[in-house]
Amino acid sequence: MKLLRMVQKFKDGLAVSPYPLSYTLAYPWYAHQPSFRNHSGVSPAPLVRRPAQEDNSLVRLVFFGDLVGLSAVPIIDDKLRQVFSRADLVIGNLTGLCGERTGDNLWEQAIDPDFLVKLFSKVGVSTDRLVISVANNHAQDAGDQGLETTLRTFSKHHIDTVGQITEGRPTHLVRTLPSGLSVGIWAWTHWLNNSTENGFRDPTNFGILHSKQAPELLSSDAVDTTVVLPHWDYEYQHFPSRATRDFAKTLAAQDVDIVGGCHPHVLQPIEKFGDCHILYSSGNFLQGNIEISRSLSSRLGALWEIMLFTKGSKRGKVAGYQLHPFVHDRQSNSLRSVDPKDQDAYKILNRIYALPDRSFEQLYPMNARPVQPTNGRLIEFHEE
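Anchor point for the sequence shown: position 380 equals 380 in the UniProt record's numbering, and the numbering is continuous, going up by one each time.
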């Protein structure tokens, strides 16, 4: 029965795949053995780039990868929880929909609202510090009603979203952090899964921002830091395609400061063009129930912690960063930080990033200052 279901999924995938046929046919192989081929000649940046001077004026942004629903909230280790707790702003990507599951296959990847609340309670993230992109290739899997339900669910829990089109206008956010630093956040997807008679759906016609709109919109606000969240690139490829890298260069040329990519379901490199820092993919934050890959490289994800200057001529620019890699252990349903002694994980990371000595040492001690919510909207956090 399970085999028949997988075969049907593959057939469905052929019908809606935006990829070349050669890649689509090879997809089952890549899903089980992700590719490390560097198609685009990326020169990976280090896993860690420390600020030249560390002081209390720096603000921290934390990015997480694809958020896919699980049956139960995973156990999350203390190191990862500390990364979340010290962030001034937490930004991530939804893959799928958010709402109560109906048993319909269209809602198969949906995140249950209760799951969402419990998850962010567990890591101590208050809703005033959380922004989630809804721009992803599954955003219209259940039609307009699915997207509307997703947006309504996030609104009910006071979670801000980006990537949707509201009343014909693309929605983005400008967040002013306690330091006074303004952060503009944009998100988009490169396609939707659902096919039509005329080919693949243009997300702009279905309530989601499309990548082709991005260049003309990014200059619409004067902010200290510009952040973009593209849902792009090929799945299960540890290095971006040439087209993805070229698009990243275009964004850098338009004074984008941070690019936090999603969708490949595996880790991809960090690269720097001028002042623009790009993480092509932070992998899955959660590996969902329907994720078919079980390889270690597909179970590796990361939190991307970025420090920003708040003073002087470099105000709003990246002062330093650290990638915090973790492994999703499906058997125990836990997220645990990669240990320096984990040679298998280290070998994979060493193929994607320029690993410095002492590569897993934290930028900040475990007792780094917690960040207090600024508007009182707090998801209550209970220690286990």
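All C-beta atoms in this analysis are idealised placements derived from N, C-alpha and C, irrespective of residue type, glycine included.
6 Å CB neighbourhood of residue i in its chain, flanking five on each side removed
| i | result |
| --- | --- |
| residue 44 | 269, 353 and 354 |
| residue 231 | 135, 136, 189, 262 and 263 |
| residue 30 | 236 |
| residue 184 | 174, 221, 223 and 226 |
| residue 91 | 63 and 131 |
| residue 57 | 310 and 311 |
Per DSSP, the bridge partner or partners of residue i
| i | result |
| --- | --- |
| residue 304 | 63 and 323 |
| residue 184 | 174 and 226 |
| residue 48 | 322 |
| residue 336 | 327 |
| residue 354 | 46 |
| residue 272 | 277 |
| residue 267 | 282 |
| residue 160 | 131 |
| residue 260 | 279 |
| residue 124 | Answer is none; residue 124 lacks a bridge partner. |
| residue 35 | 237 |
Buried/exposed call for residue i, threshold 16 Cβ in 10 Å
| i | result |
| --- | --- |
| residue 228 | buried |
| residue 319 | buried |
| residue 152 | exposed |
| residue 21 | exposed |
| residue 226 | buried |
| residue 193 | buried |
| residue 4 | exposed |
| residue 126 | buried |
| residue 166 | exposed |
| residue 76 | buried |
| residue 198 | With a pLDDT of only 38 at residue 198, under 50, the local geometry of the prediction cannot be trusted, and the value read off the model is given with reservation. Exposed. |
| residue 331 | exposed |
Cβ shell of residue i (< 8 Å), same chain only, five flanking positions each side left out
| i | result |
| --- | --- |
| residue 357 | Annotation note: pLDDT 49 at residue 357 (below 50); position unreliable, coordinate value reported separately. Around residue 357: no qualifying Cβ. |
| residue 88 | 59, 60, 61, 129, 177, 178, 179 and 371 |
| residue 187 | 93, 133, 134, 135, 162, 163, 172, 209, 228, 229, 230 and 231 |
| residue 295 | 32, 33 and 34 |
| residue 334 | 74, 75, 76, 77 and 328 |
| residue 317 | 225, 257, 275, 308 and 309 |
Separation of residue j from residue i, as counted between CA atoms
| i | j | result |
| --- | --- | --- |
| residue 60 | residue 275 | 17 Å |
| residue 34 | residue 191 | 22 Å |
| residue 347 | residue 40 | 21 Å |
| residue 63 | residue 340 | 22 Å |
| residue 259 | residue 308 | 14 Å |
| residue 182 | residue 315 | 10 Å |
| residue 278 | residue 266 | 15 Å |
| residue 144 | residue 150 | 10 Å |
| residue 36 | residue 247 | 20 Å |
| residue 361 | residue 51 | Confidence at residue 361 is low in this model, with a pLDDT of 46, below 50, so the placement of that residue should be treated as unreliable; the coordinate-derived value is given next. Those two C-alpha atoms are separated by around 14 Å. |
| residue 280 | residue 233 | 9 Å |
| residue 79 | residue 131 | 21 Å |
| residue 342 | residue 329 | 13 Å |
| residue 349 | residue 159 | 32 Å |
| residue 273 | residue 287 | 30 Å |
| residue 19 | residue 32 | 18 Å |
| residue 399 | residue 311 | In the structure as shown, the chain begins at 1 and stops at 384. Residue 399 is therefore absent and cannot be evaluated. |
| residue 297 | residue 254 | 33 Å |
| residue 71 | residue 251 | 37 Å |
| residue 142 | residue 110 | 10 Å |
| residue 313 | residue 324 | 29 Å |
| residue 54 | residue 26 | 46 Å |
| residue 95 | residue 154 | 14 Å |
Residues near residue i in its chain [Cβ-Cβ closer than 7 Å; skip 5 each side]
| i | result |
| --- | --- |
| residue 42 | 239, 240, 245, 269 and 271 |
| residue 73 | 115, 118, 119 and 122 |
| residue 327 | 299, 300, 336, 338 and 345 |
| residue 124 | 81, 84, 85 and 381 |
| residue 242 | 39 and 40 |
| residue 283 | 65, 265, 266, 267, 300, 301 and 302 |
| residue 196 | Only weak support exists for where residue 196 lies, its pLDDT of 44 falling under 50; the coordinates are left without a value. |
| residue 256 | 218, 226, 228 and 276 |
| residue 249 | 273 |
| residue 285 | 64, 65, 66, 67, 92 and 301 |
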